[in-house]
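Just so you know, the working numbering puts 11 at position 28 of the sequence shown, and the rest follows in order with no gaps.
Note that the Cβ used here is the ideal one computed from N, Cα and C, for glycine as well.
Remember, it's a predicted structure, so these values are computed and weren't measured experimentally.
In what follows, a single structure is set out as structure tokens and then discussed.
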Amino acid sequence: METQLNNYSKSRVGMRVTQVYFAIFGSLMLPSLANAAISDWATNIGDEFAVIVPIIVTILGAVGVLMAGFGIISAVMAKKNRQPMEYQHWLIIGGVLCVLLIPFVIGMGESISGQDSTSTVNGFMEQ
């Protein structure tokens, strides 16, 4: 049984609180959004890509290594228990593709930003 609070259920009260939160948050964001211009976004998008490319490269590499590693360990365990491989080959292939996707992401970032991001990537990886 759901308790009633002034003809509102708990879920309706929670929904109302969420609506009020987003209304206040939106009203606080409105002045900053009013000054935003698409032309400013278009000129600064190159700088944004130069900043975000090293982070995307690191995440892709980590996901690829984890997927391939888990696939290899799982395949070894499946063969040890004399079971057929079910999904392990997909994990290995997906992990390798994620790692191979790194040069593509770097090239795309360089193309969009117009900057050489290899030094940025090397500096990010050395941290």
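query: Q71, enclosing alpha helix (DSSP H) - first and last residue; result: Q71 to L83
query: Status (buried if at least 16 other CB within 10 Å, exposed otherwise) for P37; result: buried
query: Secondary structure of Q66, DSSP reduced to three states; result: coil
query: Assigned exposure category for M60 - 16 Cβ within 10 Å defines buried; result: exposed
query: C-alpha gap between G47 and L80, whole angstroms; result: 7 angstroms
query: Per-residue burial, I174 [other beta carbons within 10 Å of its own, 16 or more giving buried]; result: Residue 174 lies beyond the range of the chain shown here (-16 to 110); nothing can be said about it.
query: Neighbour-count burial assignment, V40, 16 or more Cβ in a 10 Å radius; result: buried
query: Spatially closest choice to L43 from V88, G(-3), V(-4) and F32, by CA coordinates; result: V88
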